[in-house]
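Shown next, in structure tokens, is the structure this report addresses.
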Amino acid sequence: MKHHLGLIKEPSYETRVAFLPEEVKKLIDKYEVKISIEKEYGSPLGIPDAEYTTAGATISSKSEILQNSNLILSINDAMGEQESIPAETSFIGIYNPLFFPERLQKYKNQQALVYSLDRLPRTTLAQAMDVRSSLDALSGYKAVLKATDYYTKVFPMITTATKTLKPARVLVLGAGVAGLQAIATAKRLGAIVHAFDVRKAAGEEVRSLGAQFIEIEGNKEETNAGGYAVEQADDYKKRQQDRINEQLLATDLVICTANIPGKKAPILVDEDGVKNMPSGAVIIDLAAEQGGNCSLTKNNEIVNYNSVKILGDSHLSRELPDAASQLLSGNFFNFIKHMIEKGADNDLITATQVIQTENT
1 MKHHLGLIKE PSYETRVAFL PEEVKKLIDK YEVKISIEKE YGSPLGIPDA EYTTAGATIS
61 SKSEILQNSN LILSINDAMG EQESIPAETS FIGIYNPLFF PERLQKYKNQ QALVYSLDRL
121 PRTTLAQAMD VRSSLDALSG YKAVLKATDY YTKVFPMITT ATKTLKPARV LVLGAGVAGL
181 QAIATAKRLG AIVHAFDVRK AAGEEVRSLG AQFIEIEGNK EETNAGGYAV EQADDYKKRQ
241 QDRINEQLLA TDLVICTANI PGKKAPILVD EDGVKNMPSG AVIIDLAAEQ GGNCSLTKNN
301 EIVNYNSVKI LGDSHLSREL PDAASQLLSG NFFNFIKHMI EKGADNDLIT ATQVIQTENT
């Protein structure tokens, strides 16, 4: 089956691009895929249409792309409520469907097939397609740099003839991809870093980066959780909160990264903990879209509370659009490549399929 891939412009708030000319050329040359792009598709990165047409793509209107392509690729929700498509058109993107199931209803109404790459399993085979790891790594890195914009002291210890400035004390909550990248970045900047994760196995990775791991006994882990954290018992949550609040007394910056797929993010920093943090402290909450790890977080806002700044932003990779687009384009290329070579019924592909027709 010959595929026709349509690339639709992202919403105005999006700075990243799903597919770059390099991957367009590779897909056309190797798999003879026809590719259509919406006019000014690459404009968020300043990429002219000519680079895409030189790579082999053609320019079409959005309505033509939706009608004529059997694969539609975009990072975000690409189709408007009033737009129509042929049945069984496949949409590939990042929808976070477990937490935002309402995003899928219009696709169900149109009998579309939807593949959400944030549902990829954490396996060796899936690594080259893992958009979540790509974006989390950039967000963890950027979270620490973002903190430097609001923190009015220094990260490393600096000694002068007048006085010695103490290094910043950083607490990273969640030691997944984003958390580990935040730890590595904070350490490179000279901070003293502590980290917490409910998964005991994370302790080894944290220590390997030179940070101190906060371990609390009695955690619950599940082998079928795919490497993600799971909901914890109430008595564990109480001990966890007490230990984190104790650590917050001597913490200047907190990077929050802990999430549970499909559920509200666990509260790890409560109001009392924030209240007792040092003056001028900063919290960057990457879990804000799913409620935040801090009880005072507001998504896409900066909250000032008792001299502490709390920034809620789950998409800091948008502030690194060139890097993010390079990684995403590679991830999407590898996914489409796998789909073409192995077929849509392949286990890895079906793991990402969040809408299917009655005939599939």
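Using our numbering, you'd call the opening residue of the sequence shown number 1 and step up by one each time.
Here a beta-carbon is modelled for each residue, glycine too, at the ideal position from N, C-alpha and C.
Small disclaimer: the values here were computed from a predicted structure and weren't measured.
Grab the span of the beta strand (DSSP E) containing ARG169 for me, first residue to last.
169–173
Taking Cβ to Cβ, would you say ALA143 is nearer than 9 angstroms to THR257?
yes
Could you spell out the range, first to last residue, of the beta strand (DSSP E) harbouring ASN304?
302–305
Assign ASP367 to one of two classes, buried (16 or more other C-beta atoms within 10 Å of its C-beta) or exposed (fewer than that).
With the chain covering only 1 through 360, there is no way to say anything about residue 367.
If we call anything under 9 angstroms between Cβ atoms a contact, is GLN181 one with TYR150?
no
Whole-angstrom Cβ separation of SER36 and SER69, contact assumed at under 8 angstroms?
SER36 to SER69, Cβ: 6 angstroms. Contact.
Quick check: what's the CA-CA separation for ALA324 versus MET157?
32 angstroms
Would you mind reading off the limits of the alpha helix (DSSP H) that contains GLN127?
Per DSSP, GLN127 belongs to no alpha helix (DSSP H) and is neither H nor E.
Can you tell me which of ASN109, LEU73, ARG103 puts its alpha carbon nearest to the alpha carbon of ALA87?
Selected option, being the one with the closest Cα: ASN109.
Which same chain residues end up closer than 8 angstroms to ASP272 when comparing Cβ atoms and leaving out the 5 residues on each side of it in sequence?
So the list reads ASN245, once near-sequence residues are dropped.
Coil, strand or helix - GLN212 by DSSP:
strand
Please give me, in chain order, every unbroken run of the alpha helix (DSSP H) with length at least 4 that falls completely inside the region 230–289.
234–248, 271–275
Cross-strand partners of GLU38 (DSSP beta bridge):
SER60
Under 7 angstroms Cβ to Cβ from LYS275, same chain only, skipping five residues before and after it: list those, please.
These residues qualify, in order along the chain: ASN306.
Where ILE380 and HIS4 are concerned, what is the direct C-alpha to C-alpha distance, given to the nearest angstrom?
Residue 380 lies beyond the range of the chain shown here (1 to 360); nothing can be said about it.
6 angstroms CB neighbourhood of THR53 in its chain, flanking five on each side removed
none
In terms of residues, what are the limits of the alpha helix (DSSP H) holding LEU98?
Counting along the chain, LEU98 falls outside any alpha helix (DSSP H), and DSSP gives it neither H nor E.
Whole angstroms is fine: what's the gap from GLU204's alpha carbon to VAL193's?
14 angstroms
Using C-beta distances below 6 angstroms, list every residue in its chain close to ALA137, excluding the 5 sequence neighbours before and after it, in chain order.
VAL177, GLN181
How long is the line joining the alpha carbons of LYS9 and LYS146, rounded to whole angstroms?
27 angstroms
Going by the beta-carbon positions, is the gap between ILE267 and ASN293 smaller than 9 angstroms?
yes
Sufficient close CB pairs (3 or more, under 8 angstroms) joining the region 328–343 to the region 128–135:
Yes: the two stretches touch, three or more of their Cβ pairs being nearer than 8 angstroms.
Backbone CA spacing between LYS263 and HIS315 [nearest angstrom]
18 angstroms
Thinking C-alpha only, which one of GLN111, PHE99, LYS106 is nearest ASP118?
Closest in alpha carbon position to ASP118, among GLN111, PHE99, LYS106, is PHE99.
Looking at the structure shown, is SER90 part of a helix, part of a strand, or coil, going by DSSP?
strand
Just list the residues that DSSP pairs ASP116 with in beta bridges.
According to the sequence provided, residue 116 is Ser. The question's Asp does not apply to it. According to DSSP, which records beta bridges pairwise, SER116 is partnered with GLY93.
What's the C-alpha gap between GLU236 and GLU215?
A small correction: the amino acid at residue 236 is Tyr; Glu does not occupy that position in the sequence shown. In this model, TYR236 and GLU215 are separated by some 12 angstroms (Cα to Cα).
Where does ALA225 sit, in a helix, a strand or coil, going by DSSP?
Unreliable placement is indicated for ALA225, whose pLDDT of 48 sits below 50; the coordinate value is still reported in the next sentence. Helix.
Could you tell me which residues DSSP pairs with PHE196 in its beta bridges?
LEU173, ILE214
Neighbourhood of SER74 by C-beta, 7 angstroms cutoff - its chain only, sequence neighbours within 5 removed
Sequence-distant partners of SER74 (beyond 5 residues in either direction) whose C-beta falls short of 7 angstroms from its own C-beta, in its chain, are ILE8, GLU10, ALA18, GLY93.
Assumed close pair ALA211, LYS238 - CB separation to whole angstroms, cut-off 8 angstroms
That pair is no contact at about 25 angstroms.
Could you give the DSSP three-state label for ASN359: helix, strand or coil?
Caution applies to ASN359, whose pLDDT of 44 falls short of 50 and renders its modelled position unreliable; the value that the coordinates give is listed next. It is coil, neither helix nor strand.
Coarse secondary structure for HIS3, derived from DSSP in three states
Looking at HIS3 - three-state DSSP - the assignment turns out to be coil, as it is neither helix nor strand.
With DSSP run on the structure shown, which of helix, strand or coil describes ASN309?
For the sequence presented, residue 309 should be read as Lys rather than Asn. Looking at LYS309 - three-state DSSP - the assignment turns out to be strand.
What number of angstroms, rounded off, separates the C-alpha of GLU219 from the C-alpha of ARG199?
Reading off the sequence shown, one finds Asn at residue 219, where the question assumed Glu. Cα to Cα, ASN219 sits roughly 7 angstroms from ARG199.
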